[in-house]
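Numbering-wise, my numbering puts 32 at position 32 of the sequence shown, and it's gapless, one number per residue.
Have a look at the structure below before the remarks.
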Amino acid sequence: ILLTVFALSFLAVRRATGRMQAAQTALETLAGTDPLTGLVNRRRVLARAEEEMERLQREREKRPDAPPLTLLMLDIDHFKECNDTRGHLAGDQVLREVAARVLACTRHYDVVGRYGGEEFLLLLPTTGFPEARAIAERIRRGVAQRPVELDSGPLTVTVSVGVACAGTRERTLAPLLQRADRALYLAKQSGRNRVAWVEGENAHD
1 ILLTVFALSF
11 LAVRRATGRM
21 QAAQTALETL
31 AGTDPLTGLV
41 NRRRVLARAE
51 EEMERLQRER
61 EKRPDAPPLT
71 LLMLDIDHFK
81 ECNDTRGHLA
91 GDQVLREVAA
101 RVLACTRHYD
111 VVGRYGGEEF
121 LLLLPTTGFP
131 EARAIAERIR
141 RGVAQRPVEL
151 DSGPLTVTVS
161 VGVACAGTRE
171 RTLAPLLQRA
181 DRALYLAKQS
191 GRNRVAWVEG
201 ENAHD
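Structure follows, in structure tokens:
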């Protein structure tokens with residue numbers, strides 16, 4: 001009888017522990033997810049970026065020519081105008097649709113996060129500049145190829161993308177983020193709906 005009681009108690013505790021672990025995992029996932037787009041949120045995407053930079057440094061200690069980490073910083077063009085003329089609900093529709101189109105243009109191991117407002121941050125692990133630029137162009141075209149169908153009617157949406165590939169001297173995330181931000185600013189200043197990048201002191205679009 002005691003053995004039976006012990007076994008039943010053990011199974012009950014095990015089930016309860018499993019439920020608690022599942023609930024904890026669900027809470028952690030929820031805490032790292034942007035509720036509007038379903039992408040990872042700013043805190044989580046930055047944490048992943050830090051992890052990828054640390055991984056890159058370990059790889060470079062073994063192999064100096066290890067493929068770098070590349071960041072894409074993406075901004076929806078004229079988003080404020082969309083909110084002002086179509087309303088915030090339409091703006092939410094645009095954000096969700098752009099998020100879906102960006103995801104459709106990336107690889108399964110890339111990380112796409114909502115960085116804030118209408119900005120997105122993409123992590124492209126083990127990706128050099130030529131491939132990263134091709135992905136950025138694919139995203140730009142994928143967003144612009146057809147209007148977003150809003151309740152108030154179709155709306156053509158475009159994005160600007162800044163590309164920054166981790167240089168051999170960059171050992172922390174901050175300078176890489178700064179270059180991605182400068183590249184995005186260049187893309188917007190150059191007319192929007194384009195991809196730009198900054199390497200060292202040289203800027204191109």
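Glycine is no exception: its CB is placed at the ideal position from the N, C-alpha and C atoms.
On the criterion of 16 or more Cβ atoms from any shown chain inside 10 Å, does residue i qualify as buried, or is it exposed?
i	result
G117	exposed
S160	buried
D34	buried
L184	buried
R44	buried
A174	exposed
Find the nearest neighbour of residue i within the set the options, judged by alpha-carbon distance.
i	options	result
G142	V112, L72, V102	V102
T168	A49, G128, C82	G128
E170	Q57, E51, D77, T33	Q57
R114	R48, A134, R179	R48
L71	L177, N193, L186	L177
A187	K80, C82, L74, A174	L74
R194	L173, Q93, Y109, E137	E137
Output yes or no for whether 8 Å exceeds the beta carbon distance between residue i and residue j.
i	j	result
L39	A99	yes
T96	L155	The residue asked about is misnamed: residue 96 is Arg in this sequence, not Thr. No, Cβ-Cβ distance for R96 and L155 is not below 8 Å.
R133	W197	yes
L69	L123	yes
A144	T158	yes
R182	D77	no
I135	T172	no
From the DSSP secondary-structure annotation, give me the bridge partner or partners of residue i.
i	result
S9	BP columns for S9 are empty, so no partner.
F79	Bridge partners of F79: none, in fact.
R146	DSSP lists no partner for R146.
A196	G162
G116	E119
L124	T70
V111	L123
Legend entry - Contact the region 118-137 vs the region 147-154: 3+ CB pairs below 8 Å: No, they do not touch.
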